[in-house]
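In this note's numbering, each residue carries its 1-based index in the sequence shown increased by 51.
Positions of the beta carbon are idealized from the N, C-alpha and C atoms, including for glycine.
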Amino acid sequence: MIGVFGGTFDPPHLGHIHLIKTILSQFNFSKLYLIPNYQNPLKEQGPRISAGDRLSLIEAAFKYLDPRIEILDWEIKKTGPSFTIDTVKHLQALQSEPITLVVGDDILPRLPEWKSANELLKLVDWLVIKRSEAIASDPSQFLKKAGIIDAFFLEKNLLAYSQDQRLMRFCDIQALPFSSTKIREEIGDLWKKNKLEDPPQGIQRSVWLLIKEKRLYSVG
Numbered sequence: 052m053i054g055v056f057g058g059t060f061d062p063p064h065l066g067h068i069h070l071i072k073t074i075l076s077q078f079n080f081s082k083l084y085l086i087p088n089y090q091n092p093l094k095e096q097g098p099r100i101s102a103g104d105r106l107s108l109i110e111a112a113f114k115y116l117d118p119r120i121e122i123l124d125w126e127i128k129k130t131g132p133s134f135t136i137d138t139v140k141h142l143q144a145l146q147s148e149p150i151t152l153v154v155g156d157d158i159l160p161r162l163p164e165w166k167s168a169n170e171l172l173k174l175v176d177w178l179v180i181k182r183s184e185a186i187a188s189d190p191s192q193f194l195k196k197a198g199i200i201d202a203f204f205l206e207k208n209l210l211a212y213s214q215d216q217r218l219m220r221f222c223d224i225q226a227l228p229f230s231s232t233k234i235r236e237e238i239g240d241l242w243k244k245n246k247l248e249d250p251p252q253g254i255q256r257s258v259w260l261l262i263k264e265k266r267l268y269s270v271g
């Protein structure tokens, strides 16, 4: 089983690392692909730094974390809006192992807006990190809006759909209290104050050294 975890990673932080380490300890993934996007098509504002710089930070954060982790730069190299359906089809064309998308439950309300959402739901299984009990308790409402009308719970936290061919599993992982947005703001303040010796909370030292070297997230 292959896992796919995408995101902006602007910047990658200890919350991402904790999540990925926990997933790999709890689930039998032979490989976990980290796929930074070039541009989230559902967000008006793009990343604060270039795609190449984000890729460098991701490599600094994750490259040696676990041998099952592989960083793929497909979406970054493709440029333009990043669509999960295109990435999944590309990955399926290259290998035959079943794919599980790893997402936070906050994406479910907007899942019907994703490109070819119905087709995507039928192509892969899902591992959904629970952040809101309200969303996780009734995910079928969002699947219905994407054309999936036969979703039902096989057991607590395990949803089946598409004539039992696909699964959506919900997972409780205690998130660390780090936010990319707040970290960017804190880094900006550190640049202003020229207090750059220690990294802000939530940032690995290897990532911090690269941020300083490239003067990333500096203001002005």
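W242 and M219 have their alpha carbons spaced roughly 43 Å apart.
Three or more beta-carbon pairs separated by less than 8 Å link the segment 177-188 to the segment 219-231, which places the two stretches in contact. Separation of R256 and S213 (C-alpha to C-alpha, rounded to the nearest whole angstrom) is 45 Å. Each residue's CA atom was taken as its position, placing H64 and L174 some 30 Å apart. Of all C-beta pairs linking the segment 92-102 to the segment 141-152, fewer than three are shorter than 8 Å, placing the two stretches out of contact. Collapsing the DSSP output to three states places T151 in a strand. Listed in chain order, the non-local C-beta contacts of A102 below 6 Å within the same chain comprise Y89 and I127, local neighbours out to five positions each way being set aside.
Residue burial annotation: I200 is exposed, with fewer than 16 other C-beta atoms found within 10 angstroms of its C-beta. At least 8 Å separates the beta-carbon of L83 from that of L70. The residue among Q252, T135, D156 and P118 with its C-alpha nearest the C-alpha of N169 is T135. In this structure, the beta-carbon distance from G54 to V153 falls below 8 Å. Minimum Cα-Cα distance from L171 among the listed residues S188, D137 and R161 corresponds to D137.
Of all C-beta pairs linking the segment 115-129 to the segment 161-168, fewer than three are shorter than 8 Å, placing the two stretches out of contact. Taking C-beta separations shorter than 7 Å and ignoring five residues to either side along the sequence, the partners of L227 in its chain run L65, G66 and H69, following chain order. When C-alpha distances from I238 are compared across S81, F56, R99 and K72, the shortest belongs to R99. Note on the segment 92-175: whole beta strand (DSSP E) runs with a minimum of 3 residues are 120-122 and 150-155, in chain order. Boundaries of the beta strand (DSSP E) harbouring G57: I53 to G58, taken from the DSSP string. In this structure, F80 places its C-beta atom within 8 Å of the C-beta atom of R119. The continuous stretches of beta strand (DSSP E) do not include L260, which lies in the alpha helix (DSSP H) extending over residues R256 to K265.
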